[in-house]
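In what follows, a structure is listed as structure tokens, so that the remarks can point back to it.
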């Protein structure tokens, strides 16, 4: 048994690409967690997609034994967290399991938007924070300027900060020593009833559902019966273990430990992240304060390109859901695209990653509809409803008013690109809250409608600032807006998959853009096709696809003109009839291109 004074639980937090996973690699190497042969870059990033994109998606845990300079051996529980805004719920979850944090700041780039957001999460969790300046081996490194920036922007004392290079391993031992000296050890009683915080759960094809827990009080051993306090379910524990970094079985988990157990739980949905686990025979009186569940903010529909692959898509989504509790979906059908699923995501990167995993791991071809957000509709009869899909919008006469979600966005940008960023935010109906300076970089806080951000805001921001701006946001409630549903009609028939919500002031421009795009995408028929954008019964934009002309008079090589006229009249009548009863088949390629609708 390791006493509590010799344990430390900490997480590594930082902006994207500031070196969290690389520092974790060096620590594992230094403490001898893996042999040289087993070591690889970003060893904690287990998914192929994480390694390819160089980002962390799932927070990963590792337990290390470190022999300190004072001769004592300490047990360090490290949690490597994601840096991207879409996965900030992973960060808040990891922080709830720790007492302290290492804040990594790139000594060439300084404080970024996500650095700020993660520091605030750590302060909310009451953490002791050690600032670490990484990448000091680079020629552009300016540790003294960045220390001053950390003090000015965040307000953290940097007298005990450490300069390191996670790539070369310089300063890693200093980091381990400061963890032992500066971070508090965990608290907890061995004799109290079991109280464990459920930090994460995922599906393993051999062992079933694996549950990651942080023990606060009591002991968790093999064979004991445990109870999930939120659902009241009882399970018997099969295996108990720790990640060293490989999953290794142990006899028991004690206060301050972070480890895993399996208990023949069938689905991940049964295990609520943030739940409290206790002993069935001697239960704890009240649960631990968990953390906010992840709430999907962006919705999009997924349809298989081949309608026969629907069952395969359903099975694939169920398997993905086993490893990603933040992803939600429900079946839906569309007249144009057949059967599919309406899915909820934490943001656009999350949507992109789920889509890529479906295509790569399950070999599916998918059509993704334009992303939309949740609107609140207040009806004239006093009832409220949540609108996830624009095609479910009630009649305008039944609606009193519509509210849309707003976000509070923090953007850090070098001074020379500030003008472009401000005009971009203003174009997207943004309201400036504050503008402050730290050195030559501006920090702008804007309130923006989420609907305007989910399209291509992030790409525009990066191109406007030449890649130097960093962006972070948090939800900031709902606000009444003048929103309308724009329907797209092809040959006077509504195409439900292309309808979208827009602010009234921008509806005409967006409707015209999609009509013009469809005009080029839909193949010509033997009759004229009207492509229209409408709000309710009012047409706001129209493009016409001209008819292909078949030369019916080719066989007349002379004789009276009336013969030709007769044939042309017959053709005219036929075309009129075709226009009335003809079906326009919109090819899949046209759908895909139209759904990639940007404002260009």
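Residue numbers (our numbering): 430 to 1029. Here a beta-carbon is modelled for each residue, glycine too, at the ideal position from N, C-alpha and C.
Between residue 862 and the set 851, 896 and 677, the nearest pair of CA atoms involves 851.
Runs of the beta strand (DSSP E) lying entirely within the region 864-915, each at least 3 residues long, are 870-878 and 899-910 in chain order. Following the DSSP letters along the chain, one finds residue 938 inside the alpha helix (DSSP H) bounded by residues 933-950. The region 665-679 makes contact with the region 644-651: 3 or more CB pairs, one atom from each, lie closer than 8 Å. Under the 10 Å beta carbon count, residue 866 is surrounded by fewer than 16 other beta carbons and is classified as exposed. In terms of Cα proximity to residue 781, the closest of 729, 768 and 819 is 729.
Just so you know, the alpha carbons of residue 504 and residue 687 end up roughly 11 Å apart. Taking 8 Å as the cut-off, the beta carbon of residue 599 is found closer than this to the beta carbon of residue 566. Per DSSP, the beta-bridge partners of residue 492 are 506. Three or more beta-carbon pairs drawn from the region 535-554 and the region 830-846 are found closer than 8 Å, and the two stretches are therefore classed as touching. If you look at residue 824, you'll find it isn't in any alpha helix (DSSP H); DSSP assigns it neither H nor E. The beta strand (DSSP E) runs lying completely inside the region 652-732 and spanning 3 residues or more are 654-657, 663-665, 668-672, 676-678, 687-691 and 705-708, given in chain order. By the C-beta density criterion, residue 639 is buried, having at least 16 other C-beta atoms within 10 angstroms. The C-beta separation of residue 771 from residue 817 comes to about 6 Å, placing the pair in contact by the 8 Å criterion.
Per DSSP, residue 455 lies in no beta strand (DSSP E); the unbroken alpha helix (DSSP H) holding it starts and ends at 449-459.
Counting only residues of its own chain and dropping the five nearest sequence neighbours on each side, residue 815 has a CB closer than 8 Å to the CB of 803, 804, 805 and 806.
For the set 795, 897 and 948, the Cα lying nearest the Cα of residue 961 is the one of 948.
With respect to the 8 Å criterion, residue 530 and residue 630 are not classified as neighbours on the basis of their beta carbons. Residue 632: member of the beta strand (DSSP E) spanning 624-633, first to last residue. Residue 560 has 532 as its beta-bridge partners, per DSSP. Pairwise C-beta distances place the region 933-951 in contact with the region 911-918, as three or more of them are shorter than 8 Å.
In this structure, 627 is the residue among 645, 627 and 500 with its C-alpha nearest to the C-alpha of residue 691. The C-beta of residue 724 has fewer than 16 other C-beta atoms within 10 Å across all chains shown, which makes the residue exposed. Counting the other CB atoms within 10 Å of its CB gives residue 703 a total of 16 or more, which places it among the buried residues.
In the pairwise beta carbon analysis, the region 740-749 is classified as not touching the region 707-716: fewer than three pairs are separated by under 8 Å. When the alpha-carbon of residue 811 is set against those of 979, 827, 882 and 434, the nearest one is in 827. Counting C-beta atoms within 10 angstroms of its own C-beta, residue 830 has fewer than 16 neighbours from the protein chains shown and is therefore classed as exposed.
Look at residue 645 here: in three-state DSSP terms it is strand.
In the three-state reduction of the DSSP assignment, residue 924 falls in the coil class. A straight-line Cα-Cα distance of about 6 Å links residue 836 and residue 876. The Cβ neighbour count for residue 645, taken over all protein chains shown within 10 Å, is at least 16; the residue is labelled buried. When secondary structure is reduced to three states using DSSP, residue 580 falls in the helix class. DSSP places residue 804 inside the beta strand (DSSP E), whose first and last residues are 804-808. Between residue 937 and residue 970, the C-beta spacing is below 8 Å. Here the alpha carbon of residue 896 sits roughly 24 Å from the alpha carbon of residue 595. Nearest neighbour of residue 448 by Cα position, chosen from 561, 910 and 750, turns out to be 561.
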